[in-house]
Amino acid sequence: MSDSGETVVVAVRVRPFNDREKGRNATLIVNMPDGKSTSISDPNAPNEEPKWFTFDYSYWSHDGFKTEKNGYLTAASHSNYADQKHVFENLGKGVLDNAWNGYNCSLFAYGQTGSGKSYSIVGNKQNKGIIPLVCEELFNRIESTKSKDVEFQVSISMLEIYCERVRDLLSSKAPPKGGLKVREHPKQGFYGKGFQTINFLINAKLLVEDLTTTPVNSYKEIEKKVNEGTKNRTIAATNMNATSSRAHTIVKILFIQKIPKPGGGTTTKSSEINLVDLAGSERQKDAGSEGDRLKEGIVINKSLSTLGRVIKALHEQQSAKKKTSVQVPYRDSVLTSLLKNALGGNSKTIMIAAISPADINYEESLSTLRFADRVKSIKTKAVVNESATERMIRELKEENARLQELIRRGGVNGSAVNNDEMENLKRQLEENQKEMENLEQTWQQRLAEERKKRDSVSEDKSEIDKKKKDLPHLWNLNEDPALTDMIVHFIAQGENVVGNGNVTTPQILLKGMSIQPEHACITNKDNKTIIIIPYSGAEILVNGNPINQATELQQNDRILFGGNHLYVFTNPKKKGAKTSEQITYDFAQKEIAKTHGISAVGDGKRSTADLILEEDLIKILPNVHRANSMAKELKKPVKFEIILNAPEARGLSEGLTEIFIKVYNTAEDTTFMWDKNRFTNRYYGMQEMYQNYVDGDSDYNLPPERDPFYEPPDSTIILGHASMFLQSLAYMVEAEEQLSIVDFNGMDLGQLSVSLVPCSSSGKEIMGEYLETPDELLNKNLGIKIKILAAMGLPRRIDKSWCTYRFFTHDEASTNKQSGHNPNYSHENVITFKPVTKELIAYLTNGVLTFTIWATQKIKKADQLELVGLQQLIKRENLHSLQLRVQILKNH
């Protein structure tokens, strides 16, 4: 390899349309004509040329495939379809070749949620992805090249990064508070206890403290470990209310070859293979976040946004003709700390970018292609990791002696060290000692220890699969298909208590939001009749409907326990109306949505807009439910409710129905409307607060200015709209009306007194000069005086209010802010037209002038809350958290 290094290998892969895209009648906007080039067309600019990109590989996996008898998808005749084996031949074998030669290797998948990242990296049972194929081929090569002299060692670890916390997915212990730590070795950079051998052997600088590393002796053992890690990931995501698409998953394979030297002793050649499935790359939306005090404080995925900045800095650094001092912000996130070698250090690196083929995902797909285009300019400098084992042990002993002397003397060159520095010295000494033990321990000893651990562990997946064929059971649904059917609870004969385990040990243990110590009892009568009985106050939905009494479960019923545990009931001895393949997470969420009135969206034949709205609702409904559950558990006095808002209710004459979230603060009696983007941004902040609460952080509760649940009363809200027809002005007739102020709910919140009067350009009102037809105004000068006199009967919670409006093409105008629930605006504004055009005449004849009423609120005192609307508050407090009221506003 030259001193300049070699560039990261970049591949792009496009998947078939998914069911959602088919339902929207999506069109294809991606083209890959030659295996290297990729083009994407802007659906909103059909006359523009497509944008072209060139990569090492462009994989067409959109169409042109056929399904073999075993379920494997392969290329049809005369097709350029790239199947899993084709991708592995190009990318996976390169990873193996490099690992075999002693290089560190990294492969990471990037793209928006649902773009096909996990399919390329993990795949499924019939269509294995790169991780299982690499592991399988690794052991095939070991078996085919085995000799008595060379010893091959393979170890695996698996971790997840979520909300900047590192979780060990192969550990049976409860995760430490705040997650595993990433620490830096004074000589070698970041290090971790669990991977000491890796740290020393291959000079890996970015490792995790206490990360489990497990020796494995076959592909089957690796498969079991990956299944174990995936199951642990699923349980954690469910219990902690985590959004799986926001998590990064890293599988680390350590491959060591111990080769005898001709003169005696051994040489150790080693490679660390990092296989990374990155979180969904959705951009944090700005729309709807203007004015949100927490917009900058909540980063949906800090690691992913930092990765973008790292790639940008590396691109600028390596593209510059002269050496520059661009700082690469590796340390700004956990992910980029751990990927430092992969992105700019000792590693041969591959990135596969996954994109959607559909027009509806144009912005996200283009963003992914631009990201990949930057990555291809990045260079790494991989070196062979090879060293004499005896020298490693000798150097470790010398290092330990030096550390012991430093600790004994209490510092360097007689200068004292503080407590933290002393702790670091002791920790380093302890870890070096363990590292020596790892090097001196034989591989067979380590394998024997692992087998002993495995024998004491509960049944593996194959044993569970056998039991599933005979016994009634529940299996989980997850928004990530890779995490579906990873948790199984068998229903033994007799009574099975479902609960959170805080008081007694239930037969079916469910942790997390809204799960009671005793939540339900499921009775199995001879494996034929299965009955579920909810305990008092327990939240349970069966097929989307809340239950409060004994209910017999039918084959493939969908059951939601509390806020986040979604399961399917299966009795293998019975047949159901639907096969398990037909039951997906989206299917179950759509079912819940229908129960809450969302099926009313788009009566009869639904338009593309209706389908988009339904899809957005299905996505946001469980999050609104979870937000209510988190608020309840964290004792936040706030309720969230979905509102469907037609354009007319927003003061528009046309447009699409949009989703808003009504936020009601029961303690302050204030109400706000968040659009879906603001709610989503806040929701991630709520998740982080809840995570801190579950972790036992004493300072989980944030001050009001940083609390994602809280909106201060002085935040500006849209109280409502008032609309006035303009037709009389077209005939030079003044209009004076008391307009109803209508809020998002379609409720009348007061009246607005408005007068529109024809006038001269100087503002002199014109009376009695009526016209026969509006066309008489054409090419004449016209003035219109707009008077907003006052508002009457506004809600008493309103502190200050003001109105804005926009007349035809003129700039937006505003009244002054006024206090009280009967504010006197006394606003006058003269707008002139020199001359009147046909467009203005059409506007006056058919148009509507909409006034938007803005406001801030005031907090009601406790005694006022008791006197005003106490019954309503009690009713709100006692609302079943799933009984979300969805209001659909239409103007027919």
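Heads up: the sequence shown at position 851 corresponds to 851 in full-length UniProt numbering, and the numbers run straight through without jumps. Using N, Cα and C, we set each Cβ at its ideal position, and we do this for glycine too. Since the structure is predicted, the reported quantities are computational estimates derived from the model, not experimental observations.
{"Query": "From what residue to what residue does the beta strand (DSSP E) around residue 750 run?", "Result": "748–759"}
{"Query": "In whole angstroms, what separates the C-alpha of residue 354 from that of residue 789?", "Result": "58 Å"}
{"Query": "Tell me which residues share the same chain as residue 782 and place their Cβ nearer than 6 Å to its Cβ, disregarding the 5 neighbours each side in the sequence.", "Result": "833 and 836"}
{"Query": "In angstroms, rounded to a whole number, what distance separates the CA positions of residue 794 and residue 752?", "Result": "10 Å"}
{"Query": "What separation, rounded to the nearest whole angstrom, lies between the Cα atoms of residue 746 and residue 648?", "Result": "10 Å"}
{"Query": "Under 8 Å between the Cβ atoms of residue 806 and residue 860?", "Result": "no"}
{"Query": "Quick check on residue 357: buried or exposed, where buried means 16 or more other Cβ atoms within 10 Å of its Cβ?", "Result": "buried"}
{"Query": "To the nearest angstrom, how far is the alpha carbon of residue 239 from that of residue 534?", "Result": "20 Å"}
{"Query": "Determine the extent of the alpha helix (DSSP H) in which residue 302 is found, giving its start and end residues.", "Result": "302–319"}
{"Query": "Rounded to a whole number of angstroms, what is the C-alpha to C-alpha distance between residue 216 and residue 127?", "Result": "23 Å"}
{"Query": "Start and end of the beta strand (DSSP E) containing residue 738?", "Result": "735–742"}
{"Query": "If distances are taken between C-alpha atoms only, which option among 759, 769 and 448 comes closest to residue 731?", "Result": "769"}
{"Query": "Determine the direct distance from the alpha carbon of residue 565 to that of residue 236, and round the result to whole angstroms.", "Result": "11 Å"}
{"Query": "In angstroms with no decimal places, state the Cα-to-Cα distance between residue 228 and residue 252.", "Result": "14 Å"}
{"Query": "If you count every other CB in all the chains shown that lies within 10 Å of the CB of residue 102, and 16 or more means buried, which is it?", "Result": "buried"}
{"Query": "Mind checking whether residue 519 and residue 494 have CB atoms under 8 Å apart?", "Result": "no"}
{"Query": "With a threshold of 7 Å on Cβ separation, who are the neighbours of residue 231 within its own chain once the five nearest residues in sequence on each side are excluded?", "Result": "486 and 487"}
{"Query": "Count the other CB atoms, across all protein chains shown, that sit within 10 Å of the CB of residue 145; report buried if there are 16 or more and exposed otherwise.", "Result": "exposed"}
{"Query": "Alpha carbon to alpha carbon, how far is residue 22 from residue 853?", "Result": "41 Å"}
{"Query": "Can you say whether residue 95 is buried or exposed, counting buried as having 16 or more other CB atoms within 10 angstroms of its CB?", "Result": "buried"}
{"Query": "Less than 7 Å between C-beta atoms, sequence neighbours within five positions excluded: which residues of the same chain meet that for residue 212?", "Result": "157, 168, 170, 171 and 194"}
{"Query": "Would DSSP call residue 624 helix, strand or coil?", "Result": "helix"}
{"Query": "Note down, one range per segment and in chain order, each alpha helix (DSSP H) of at least 4 residues found wholly within the stretch 17–47.", "Result": "19–23"}
{"Query": "Among the residues of its own chain, which have a CB less than 8 Å from the CB of residue 869, if the five just before and after it don't count?", "Result": "Residue placement at residue 869 is flagged as unreliable, the pLDDT there being 47, under the threshold of 50; the coordinate-derived value follows with that caveat. Closer than 8 Å at the Cβ level, and outside the excluded window around residue 869, lie 669."}
{"Query": "For residue 372, which three-state DSSP category applies?", "Result": "helix"}
{"Query": "Write down the C-beta distance between residue 245 and residue 113 rounded to the nearest angstrom, noting that I regard them as a contact closer than 8 Å.", "Result": "4 Å"}
{"Query": "Nearest to residue 704 by CA position, among 698, 65 and 712, is which residue?", "Result": "712"}
{"Query": "Among 575, 242, 615 and 610, whose alpha-carbon lies nearest the alpha-carbon of residue 592?", "Result": "615"}
{"Query": "Is it right to say residue 405 is buried, meaning 16 or more other beta carbons lie within 10 angstroms of its own, or is it exposed?", "Result": "exposed"}
{"Query": "If you check the beta carbons only, do residue 314 and residue 108 fall under 8 Å apart?", "Result": "no"}
{"Query": "Can you say whether residue 600 is buried or exposed, counting buried as having 16 or more other CB atoms within 10 angstroms of its CB?", "Result": "The pLDDT assigned to residue 600 is 47, lower than 50, so where the model puts this residue is not dependable, and the model offers no usable value."}
{"Query": "For residue 893, count neighbouring C-beta atoms within 10 Å of its own C-beta (all shown protein chains included) and say buried if the count is 16 or more, exposed if not.", "Result": "What is shown of the chain runs 1 to 892, which leaves residue 893 out entirely."}
{"Query": "If you follow the beta strand (DSSP E) that residue 13 is in, where does it begin and where does it stop?", "Result": "9–14"}
{"Query": "Could you compute how far the alpha carbon of residue 758 sits from the alpha carbon of residue 813?", "Result": "18 Å"}
{"Query": "Leaving out five residues on either side along the sequence, give the residues of the same chain with a beta carbon under 7 Å from the beta carbon of residue 379.", "Result": "4, 5, 6, 7 and 318"}
{"Query": "Leaving out five residues on either side along the sequence, give the residues of the same chain with a beta carbon under 8 Å from the beta carbon of residue 369.", "Result": "12, 38, 40, 51, 53, 353 and 355"}
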